[in-house]
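What follows is a set of notes on a single structure, which appears directly below.
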Amino acid sequence: MSRAQTIVGLCLLLLTAVAVFAFLQTYHYVEEEVSLPPRGEARYNPLYALGETLRGMGYPVESRAYLQWESMQPQPGDVLLLASPLSSLSEQQVWALQEWLYEGGFLLFAAPATESAQQSEMLDELGLSVISEELRQCLLWRAAEQASSEVCSELSLYYPHDDLIWALDYQRRSRAEIEALRELLDDEDTSISSVSKVRGAAAATGRFAVKAAYGDGEWIALASFQPLVKKALENAANAELAWQLLAPWLGEGKIHIVYAVEMPPAHVILVRYGWPVVLPLLLALLAWLWARSQSLGPPVPLPGIDRRALLEHIDAAGQFAFREQQVEPLYAECRKRFDLQLQKEHPSLAALPLDDLIKALAERWKLDPAAVAQALNPHQLGRAEQFTLAIRTLTQMQGLS
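Heads up: the sequence shown begins at 1 in UniProt numbering, then just goes up one per residue.
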C-alpha cells in the first residue's frame, strides 16, 4: 500500500469517527407511547372499556351484540346494560325483560335517538317519555380530582311518577347556575343523589338521567351513553359518574352488556382497509382489458344456417308442385308412410275396410271423423284447405300411432 492510499484511508476513518461521535451526541433513545387503533371487539363494542374495567374489578361480565334472552338467562339481582335500540326488541323480549325487571333485575339503558324509535312499548310500560328539544342541552359535573366533564344532547327525559328515586337534570346555560353546580360538586360528600335533591324538582323536563323502581327491580334511563362509551372513561368525571350509576347494583349478580354493533358499511371497510389489494387488482384488470382490446377487430357476421335454407327449399318445392297440380304424388308419399306404420304397429286396424277403418281411427285417437275421412279418402286435393287438412291429419295420426 502506497503512502497516498494510507493517508486517504486514515482520513476516511477519521471522518467516520467524527460522524459517529456527532450522531451519538445529537440523538439519544427515548420512549414514546403511540396509541394504536382498537382491534377486535374494541372496534365495534362501544362499551368494551366499561366491561373490561368491571371485569378487572372482579365482577362477572358477559358481553354480546344482541339480546339473546334464552342464552343469557338473567337472574334477579343481575345487571343489564342495554345499548341496543329498544325498538329492535321483539314483543316476547319486551315481556321477558319486564318480568325479569319486576322480579328484581337492574336495567340501564339509553333513550332512543330517532323519533320513530321513541314510540316503544318498553318506554310506555315504564312510563318514561323522551322529548326532542330544539336546542342542545348540556350537563356539567366534576369528580373529586377536580376533573370536569360535560355531555350535551337534544333529548330530554320526562318521568312524572311517584316511584322516582332520583333524577339528574341538565345544567342550564346561565353562568350563575354553572357556578352553583361547581360549588356543589366541589364538596367531597356530594353525589348524584344530592345533586338531584337540590335540582331535581327545579324542572319537570330537561332531565339527562332518571332512576326509578319497577317491582323489586330498578332501572336507569340516560339521554345518551356518551359518558360511558369508548375512551370517555379516561376522564375521571365520567368514570365517577359510571361508578355512581352502577355501584348500588354491583355485587349481587352477573353483569350483562348488550351493545349495539358500530360497524361501518361493507364498501367503507373495503375501501379503508382493502385498498392495498383492490387497487393492484383493478390495475391488472385494466391492463388485461387493454391488452385484449388490441386483438379485437370488426364484428364477424354470423354464418348462414343450413337448416333454414333446406326448409325454404322444401317449402318452395311444395308450393311449385301445388301450383303445377302435382299434389297427388305428395299425398301418395305421405299416405304410403302412414299405411306402412299402421300395418307395422296396428295390423288389426290395417286389415279393416275403409269405412270401418275411418270410424275406428276416429274413436281410437279422438279425432274428427270428417278429418280422418279426408285423410284416408281425400276429395278435391287441388284446393289448398282440403290438401292441408289431409296432410295434417295423416301426420297427426302417424305421430299418435
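Where a beta carbon is used, it is the ideal one built from N, C-alpha and C, also for glycine.
Problem - Beta-carbon proximity list for residue 247, same chain, < 6 Å, skipping 5 on both sides - result: Residue 247 sits at position 247 when you count from the first residue of the sequence shown. Closer than 6 Å at Cβ, skipping near neighbours: no residue.
Problem - Contact belief for residue 322 with residue 394 at Cβ below 8 Å, rounded distance in angstroms - result: Stepping through the sequence shown from its first residue, residue 322 is reached at position 322. Stepping through the sequence shown from its first residue, residue 394 is reached at position 394. In fact, because the Cβ distance is near 16 Å, the residues do not count as touching under 8 Å.
Practice task
Decide if residue 109 is buried, meaning its Cβ has at least 16 other Cβ atoms within 10 Å, or exposed.
Solution key: Along the sequence shown, one-based indexing puts residue 109 at 109. With 16 or more other Cβ atoms within 10 Å, it is buried.
Handout entry: Beta-carbon spacing of residue 77, residue 253 below 7 Å
Key = Counting from 1 along the sequence shown, the entry for residue 77 is found at position 77. Counting from 1 along the sequence shown, the entry for residue 253 is found at position 253. In contact: residue 77 and residue 253 (Cβ atoms closer than 7 Å).
Handout entry: Of the listed residues 345, 361 and 334, nearest to residue 388 (C-alpha basis)
Key = Along the sequence shown, read from residue 1 onward, the residue named residue 388 stands at position 388. Ranking 345, 361 and 334 by Cα distance to residue 388 puts 334 first.
Practice task
Would you be able to state if there are at least three C-beta pairs under 8 Å between the region 61 to 74 and the region 84 to 103?
Solution key: Here the region 84 to 103 lies against the region 61 to 74, with 3 or more beta-carbon pairs under 8 Å apart.
Handout entry: Stretch pair the region 47 to 63 + the region 223 to 240: three plus CB contacts closer than 8 Å
Key = yes
Handout entry: Best match in 86, 4 and 218 for proximity to residue 79 [C-alpha to C-alpha]
Key = Reading the sequence shown from its first residue, position 79 is the one you call residue 79. It is 218 whose Cα lies nearest to the Cα of residue 79.
Handout entry: Alpha-carbon spacing of residue 243 relative to residue 257, whole angstroms
Key = What you label residue 243 is simply residue 243 of the sequence shown in a count that begins at 1. What you label residue 257 is simply residue 257 of the sequence shown in a count that begins at 1. Using only the alpha carbons, I get a separation of about 15 Å.
Problem - Three-state secondary structure (DSSP) of residue 404 - result: Only positions 1 to 401 of the chain appear in this structure, which leaves residue 404 out of reach.
Exercise for the section: Report yes if the C-beta of residue 140 is less than 6 Å from at least one heavy atom of the ligand ATP; otherwise report no. Expected result: Looking for the ligand ATP in the displayed structure turns up nothing, as the structure carries no ligands at all.
Handout entry: DSSP-derived helix/strand/coil call for residue 415
Key = Since the first residue of the chain shown is 1 and the last is 401, residue 415 is not available in this structure.
Problem - Span separating the alpha-carbon of residue 353 from that of residue 378 - result: Mapped onto the sequence shown, residue 353 falls at position 353. Mapped onto the sequence shown, residue 378 falls at position 378. The straight-line gap from Cα to Cα measures roughly 16 Å.
Handout entry: Endpoints, the alpha helix (DSSP H) within which residue 124 is located
Key = The sequence position of residue 124 within the sequence shown is 124, counting from 1. Note, residue 124: alpha helix (DSSP H), 121 to 126.
Problem - Three-state secondary structure assigned by DSSP to residue 260 - result: Looking up residue 260 in the sequence shown gives position 260. Three-state DSSP puts residue 260 in coil, outside helix and strand.
Practice task
State the Cα-Cα distance for the pair residue 376 and residue 383, rounded to the nearest angstrom.
Solution key: The residue you call residue 376 lines up with position 376 of the sequence shown. The residue you call residue 383 lines up with position 383 of the sequence shown. Roughly 16 Å between the two C-alpha positions.
Practice task
Quick one: using the 10 Å Cβ neighbour count with 16 as the cut-off for buried, is residue 13 buried or exposed?
Solution key: Walking along the sequence shown from the start, residue 13 turns up at place 13. With fewer than 16 other Cβ atoms within 10 Å, it is exposed.
Exercise for the section: Report the partner residues of residue 211 according to the DSSP bridge assignment. Expected result: As a position in the sequence shown, residue 211 is number 211, starting the count at 1. In DSSP, residue 211 forms a bridge with 166 and 220.
Practice task
Give the secondary structure of residue 64 by DSSP, where H, G and I count as helix, E and B as strand, and everything else as coil.
Solution key: For the purposes of this step, residue 64 is identified with residue 64 of the sequence shown, where counting begins at 1. Strand, per DSSP.
Practice task
For my contact list, residue 139 and residue 150 are in at a C-beta cut-off of 8 Å; report their separation, rounded to the angstrom.
Solution key: By 1-based counting over the sequence shown, the position of residue 139 is 139. By 1-based counting over the sequence shown, the position of residue 150 is 150. Indeed, because the Cβ distance is near 7 Å, the residues count as touching under 8 Å.
Exercise for the section: For residue 110, name the three-state secondary structure that DSSP assigns. Expected result: Taking the sequence shown and counting its residues from 1, the one referred to as residue 110 is at position 110. Looking at residue 110 - three-state DSSP - the assignment turns out to be strand.
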